[in-house]
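Q:
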Amino acid sequence: MSRREEILQKAMAIPNMPMPVQKVLAYIGNPDADLRQLAKIIEFDPGLTVNVLRMANSSFFGGGAKVSTVKEALMRLGLGRLYQLVIASGVAPLARYAIKGYGLRPGELLEHSVAVAVASETLARELGVVAPPYTFTAGLLVNIGKTVMGSFLEVDAAPILTLAHEQHISFEQAEELILGINHAELGALLLEKWGIPTPIVNVVRYRLRPDESPEPDLALDLVHVGDVIAKMTGIGMGIDGLQYAPSEAAFARLDVSPQQMENVMVAILEQIAEVRDILMENTL
Amino acid sequence: MEIVVNISDMKVTSRARDVLVTHALGSCLGLAAYDPIAGVAGLIHCLLPLARDAKTPPKNPFMYVNTGIPQMIRAMYGRGATREHLVLKAAGCGRMMHISNQFDTGASNIAALKKLLQINEMRLSAEDVGGTIPRTMRLFADTGRIVITSCGRSWEL
Chain A
58 MSRREEILQK
68 AMAIPNMPMP
78 VQKVLAYIGN
88 PDADLRQLAK
98 IIEFDPGLTV
108 NVLRMANSSF
118 FGGGAKVSTV
128 KEALMRLGLG
138 RLYQLVIASG
148 VAPLARYAIK
158 GYGLRPGELL
168 EHSVAVAVAS
178 ETLARELGVV
188 APPYTFTAGL
198 LVNIGKTVMG
208 SFLEVDAAPI
218 LTLAHEQHIS
228 FEQAEELILG
238 INHAELGALL
248 LEKWGIPTPI
258 VNVVRYRLRP
268 DESPEPDLAL
278 DLVHVGDVIA
288 KMTGIGMGID
298 GLQYAPSEAA
308 FARLDVSPQQ
318 MENVMVAILE
328 QIAEVRDILM
338 ENTL
Chain B
55 MEIVVNISDM
65 KVTSRARDVL
75 VTHALGSCLG
85 LAAYDPIAGV
95 AGLIHCLLPL
105 ARDAKTPPKN
115 PFMYVNTGIP
125 QMIRAMYGRG
135 ATREHLVLKA
145 AGCGRMMHIS
155 NQFDTGASNI
165 AALKKLLQIN
175 EMRLSAEDVG
185 GTIPRTMRLF
195 ADTGRIVITS
205 CGRSWEL
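So the protein lines, in turn, are chains A and B.
Per this note's numbering: the first sequence = residues 58 to 341.
Per this note's numbering: the second sequence = residues 55 to 211.
See the structure below:
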């Protein structure tokens, strides 16, 4: 069996998201979903309830007068936002582990993932474009493959990094040479297996190489540049550091200016603490 | 005691047993300053080169090279440090592979620092900047020793 096959086999054995999360996602996928019924399902689960309330009351997602019931929270957040939040709550626990082989302490990868998600949405605001609704969630999930490699498969990233430095290639290219697969593709395959919607899976798959995506996608470009910005700030950076090559084409498609990039850097520093705490503290 | 300097943060100490540390320098600039005679140490972690709006002072001056570093050095003077004895060492300012110059914040950060020092007729005694590696920077307040850690290796600066 090749290293790639071995990795895929092990990764596919990783348990799906917690049951309450799966239930809510299945329900939202139903065309007759109604908010009242959904509120009931969520109220069944204390962890999700707390997350939904905190998210609705956070300044990043909600703002305004405090809400105290799940129903009010749903009215404020809307179905789309709620959907993202539920996925985030389901996957965030995976990002909280220490990822030893990648030089990440507990919580650091989650912090980085939140920075990517916040950067992607903030970038859209800065550019005056409407981010597709799945942008934030996709941003949050882009590192799931690193979690899988580092914690579940106990991959040691040090030789990968050495190869990348020696050959002047990006970290994910070195992953491919050594492991037969990079963390972006691995993450996408896992999310696909979990039934996460295709637009999100595609962003995760192509976020390091947006120009290889079969279809142009604004969310993908936002997450690509958001990821670059998050890496540069250093928030939750692993040993791979800045060993990645940004796509000039994606920067050009979005028409980002250096000033706008700086504004996003400032904004993520101000906003990540709030979002991270919501996802960090409530275990499902 | 280890004192953590966060992103866009600055700390100064006169206690010899303190160690100032900043983690996760990507494109950010870490600048350590030490006066061996006065026994004063300072460390700053700047995100960006310039606070652009000259009229309104930035909410957090330590975010920027051009506002944060003068403030750190003044704070050190306030504790008895002098310009003649200050030893300055820089780290960080990394860059993504092949990123175009206009988005190379790391290069802008080190350029802003060098310009600031030139105007004030000061100089860096050492620097470990650029490349793609993440860096952690430690300043030992007893001796002014600087240790950079990256990818499981450490070296003195």
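Note that CB positions come from ideal geometry on N, CA and C, so glycine has one too.
Here the structure is a predicted model, which means the values were calculated and not measured.
With three or more beta-carbon pairs closer than 8 Å as the criterion, would you say the region 176-185 of chain A touches the region 221-236 of chain A?
A: As far as the Cβ criterion goes, the region 176-185 of chain A does not touch the region 221-236 of chain A, which means the pair count is below three.
Q: Whether or not the region 185-200 of chain B and the region 66-76 of chain B are in contact is what I'm after, with contact meaning three or more pairs of Cβ atoms, one per stretch, closer than 8 Å; do they touch?
A: Cβ pair count under 8 Å is three or more, so yes.
Q: Starting from the N-terminal side, write out each stretch of the alpha helix (DSSP H) that is 4 residues or longer and does not extend beyond the region 232-318 of chain A.
A: Here the runs fully enclosed are 240-250, 255-263, 275-290, 305-311.
Q: In three-state DSSP terms, what is residue 58 of chain B?
A: DSSP places residue 58 of chain B in strand when its eight states are reduced to three.
Q: Give a yes or no on whether 8 Å exceeds the smallest Cβ distance from residue 194 of chain A to chain B.
A: Closer than 8 Å: no.
Q: Reducing DSSP to helix, strand and coil, say where residue 225 of chain A ends up.
A: Coil.
Q: Output, in chain order, the set of chain A residues within a Cβ distance shorter than 9 Å of residue 82 of chain B.
A: Those are 289, 290, 291, listed as they occur along chain A.
Q: Considering only C-alpha positions, which residue in the set A:320, A:96, A:307, A:331 is nearest to residue 101 of chain B?
A: It is A:320.
Q: Give me the DSSP bridge partner(s) of residue 156 of chain A.
A: The partner list for residue 156 of chain A (beta bridge, DSSP) reads A:161.
Q: Curious, which full-length alpha helix (DSSP H) runs of at least 4 residues does the region 146-207 of chain B contain?
A: The region 146-207 of chain B contains these whole alpha helix (DSSP H) runs: 159-173.
Q: Could one say the Cβ of residue 308 of chain A lies closer than 8 Å to chain B's Cβ atoms, at least one of them?
A: By this cut-off, residue 308 of chain A is an interface position.
Q: Would a C-beta distance cut-off of 8 Å place residue 92 of chain A and residue 144 of chain A closer than the cut-off?
A: Contact: no.
Q: Could you pull the DSSP bridge partners for residue 141 of chain B from this structure?
A: According to DSSP, residue 141 of chain B bridges with B:88.
Q: For residue 264 of chain A, which option in A:137, A:221, A:177, A:329 has the closest C-alpha, if you only look at C-alpha atoms?
A: The shortest Cα separation from residue 264 of chain A among A:137, A:221, A:177, A:329 belongs to A:177.
Q: Output the distance between the C-alpha atoms of residue 312 of chain A and residue 177 of chain B, rounded to the nearest integer angstrom.
A: Their backbone Cα atoms lie some 37 Å apart in a straight line.
Q: For the region 78-94 of chain B against the region 176-191 of chain B, do three or more pairs of beta-carbon atoms, one drawn from each stretch, fall closer than 8 Å, so that the two count as touching?
A: With the cut-off at 8 Å, the region 78-94 of chain B and the region 176-191 of chain B touch.
Q: Determine whether the Cβ of residue 146 of chain A lies closer than 8 Å to any Cβ atom of chain B.
A: Closer than 8 Å: no.
Q: Mind pulling the chain A residues with CB within less than 8 Å of residue 156 of chain B?
A: Residues of chain A passing the Cβ test: 315.
Q: With 8 Å as the threshold, decide whether the Cβ of residue 208 of chain B is near any Cβ in chain A.
A: By this cut-off, residue 208 of chain B is not an interface position.
Q: Suppose you measure from the CA of residue 141 of chain B to the CA of residue 79 of chain B; what does that come to, to the nearest Å?
A: Between residue 141 of chain B and residue 79 of chain B, the C-alpha separation is close to 20 Å.
Q: Suppose you measure from the CA of residue 259 of chain A to the CA of residue 199 of chain A; what does that come to, to the nearest Å?
A: Residue 259 of chain A and residue 199 of chain A: Cα-Cα distance of roughly 10 Å.
Q: Can you pull the chain B residues whose beta carbon is under 9 Å from the beta carbon of residue 302 of chain A, in chain order?
A: Ordered by position in chain B, the residues that pass the 9 Å Cβ test against residue 302 of chain A are 150, 151, 152, 153.
Q: For residue 215 of chain A, which residues in chain B fall below 9 Å Cβ to Cβ?
A: Those are 205, 206, listed as they occur along chain B.
Q: Following the continuous alpha helix (DSSP H) through residue 96 of chain B, name the residue where it begins and the one where it ends.
A: Where residue 96 of chain B is concerned, there is no enclosing alpha helix (DSSP H), although the beta strand (DSSP E) it sits in stretches over 94-100.
Q: Could you name the residues of chain A that residue 238 of chain B contacts, counting a contact when the two beta carbons are closer than 8 Å?
A: For residue 238 of chain B there is no data in the structure shown, the boundaries of chain B being 55 and 211.
Q: Any heavy atom of the ligand NAP closer than 7 Å to the Cβ of residue 310 of chain A?
A: The ligand NAP is absent from the structure shown, which contains no ligand whatsoever.
Q: If you count every other CB in all the chains shown that lies within 10 Å of the CB of residue 207 of chain A, and 16 or more means buried, which is it?
A: Buried, because 16 or more other Cβ atoms sit within 10 Å of the Cβ of residue 207 of chain A.
Q: What does residue 156 of chain A reach in chain B if we use C-beta pairs closer than 7 Å?
A: Within 7 Å Cβ-Cβ: nothing; residue 156 of chain A doesn't reach chain B, min ~14 Å.
Q: For residue 171 of chain A, collect the residues of the same chain with a Cβ closer than 6 Å to its Cβ; drop the 5 residues on either side in sequence, then sort them by chain order.
A: Excluding sequence neighbours, residue 171 of chain A sits near 329, 332, 333.
Q: Among the residues of its own chain, which have a CB less than 6 Å from the CB of residue 159 of chain B, if the five just before and after it don't count?
A: Excluding residues within five positions, the ones whose Cβ falls inside 6 Å are 81.
Q: From the DSSP output, in three-state form, read off residue 64 of chain B for me.
A: Here residue 64 of chain B sits in strand by DSSP.
Q: Which value, in whole angstroms, describes the spacing of the CA atoms of residue 217 of chain A and residue 241 of chain A?
A: Looking at the two C-alpha atoms, the distance is approximately 15 Å.
Q: How big is the Cα-Cα spacing for residue 261 of chain A and residue 84 of chain A?
A: Approximately 24 Å between the Cα atoms of the pair.
Q: Does any residue of chain B have a CB that is nearer than 8 Å to the CB of residue 269 of chain A?
A: By this cut-off, residue 269 of chain A is not an interface position.
Q: Quick one: what's got a C-beta closer than 7 Å to residue 71 of chain A's C-beta in the same chain, skipping five residues either side?
A: Here the set comprises 205, 209, 247.
Q: So which residues of chain B does residue 319 of chain A contact, with C-beta pairs closer than 7 Å?
A: 102, listed in chain order.
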